[in-house]
Each structure stands twice: as structure tokens, then as C-alpha cells.
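Counting from 16, one number per residue, gives the positions in the sequence shown under the numbering used here.
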Amino acid sequence: MYLTRDMSSMGRMQRPAAPKAASSSQPVKLTAPLKPVNLTSVRPQLKPVRVVRLYDPKKKADDLYWIRKLERAGLTEGNSKAVKLMKDNFRKRYGERV
Numbered sequence: 016m017y018l019t020r021d022m023s024s025m026g027r028m029q030r031p032a033a034p035k036a037a038s039s040s041q042p043v044k045l046t047a048p049l050k051p052v053n054l055t056s057v058r059p060q061l062k063p064v065r066v067v068r069l070y071d072p073k074k075k076a077d078d079l080y081w082i083r084k085l086e087r088a089g090l091t092e093g094n095s096k097a098v099k100l101m102k103d104n105f106r107k108r109y110g111e112r113v
């Protein structure tokens, strides 16, 4: 036998009613009392947090200069792995999209 739950109400889980015989008018008695179902999960794990580092504005400007220079030459993330790597590193380091 399986448990079902009416999702439209906040009631407890119940067993499906047994098919009633045509001649009996008495309610069907369950053999075991129903217990509430505890839905628990594993203890939540701490998420690793990215360490915020203070960066040198000159280094950031230099990184951006070289990315822009390669883009002016016609290289994009789609056709150059180097530009993709530089942009990904820039995003990781400074938290900004290029």
C-alpha cells in the first residue's frame, strides 16, 4: 500500500480508502495509526566565498588595455582562446564583465 497526499490542502498524508463493498455501510478501519512524515535533508554545507582582494587600478587598466587592443585587431572570444582566457581571468579578478 502506498501513501497519497492531496496537494491542494496542507493536511497530513493518508492512505487511499479501501474499495467499499455494496452491502457494508460501516467505515473501514485502518490497522495502524498514521504517523506524520518528516521531510528532512542533510545539514546545509557552507558555501565557499570568493575572497575580495584590493587590486591595483593600474594593473586593471593595463589588463583592459590589452583585451581592447586584441579586440580592435579583430580577435573575439569566439575565434581566440587567448582573448577568452583573458576575459575570464578579468571577470574572476575584478568581478566585472568586459
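All C-beta atoms in this analysis are idealised placements derived from N, C-alpha and C, irrespective of residue type, glycine included.
Closer than 7 Å by C-beta to Lys75: which residues in its own chain qualify, once you throw out the five before and the five after it? Chain order, please. On the sequence shown, residue 75 is found 60 positions in, with the first residue counted as 1. Here the set comprises Tyr109.
Between which two residues does the alpha helix (DSSP H) holding Asn104 run? Stepping through the sequence shown from its first residue, residue 104 is reached at position 89. Looking at the DSSP string, the run of the alpha helix (DSSP H) that includes Asn104 is 96-109.
Which residues in the same chain as Leu90 place their Cβ atom closer than 6 Å to its Cβ, once the five residues preceding and following it in sequence are excluded? Indexing the sequence shown from 1 puts residue 90 at position 75. Excluding positions up to five away in sequence, the list reads Val98.
Indicate the three-state DSSP secondary structure (helix, strand or coil) for Tyr70 in the structure shown. On the sequence shown, position 55 is the one that residue 70 refers to. Here DSSP, grouped into helix, strand and coil, assigns Tyr70 to coil.
Quick check: Val113 and Ile82, are their CB atoms within less than 7 Å of each other? Stepping through the sequence shown from its first residue, residue 113 is reached at position 98. Stepping through the sequence shown from its first residue, residue 82 is reached at position 67. In this structure, Val113 lies near Ile82, with their beta-carbon atoms less than 7 Å apart.
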